[in-house]
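What follows is the structure, encoded as structure tokens:
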């Protein structure tokens with residue numbers, strides 16, 4: 001993916017769908033969206049829980065995997 005960015009070429013939707021890191025990120029984003037959409041009002045504990053889950057998953061919102 002980095003090579004495509006350095007070459008100044010955007011990835012097609014099909015290429016993005018085939019990339020496991022992008023697919024995982026989209027799954028995470030949809031999970032967050034569904035949980036927040038179900039809330040009738042702001043739920044601070046849900047938000048804190050989501051943040052903790054994201055940290056535990058070690059996946060950034062741009063598909064970078066963190067390892068310590």
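In UniProt numbering, the protein residues as written are 1 to 68. The C-beta atom is built at its ideal place from N, Cα and C for all residues, glycine as well.
In whole angstroms, what separates the C-alpha of residue i from that of residue j?
i          : j          : result
residue 8  : residue 24 : 24 Å
residue 22 : residue 12 : 12 Å
residue 45 : residue 51 : 10 Å
residue 41 : residue 33 : 14 Å
residue 10 : residue 39 : 35 Å
residue 47 : residue 14 : 32 Å
residue 16 : residue 35 : 24 Å
residue 49 : residue 18 : 29 Å
According to DSSP, is residue i part of a helix, a strand, or is it coil?
i          : result
residue 55 : helix
residue 8  : coil
Q.
Is it the case that the region 52-59 contacts the region 22-33, given that we only count it when at least three CB pairs across the two stretches are under 8 Å?
A. Contact annotation: the region 22-33 touches the region 52-59, with at least three C-beta pairs closer than 8 Å.
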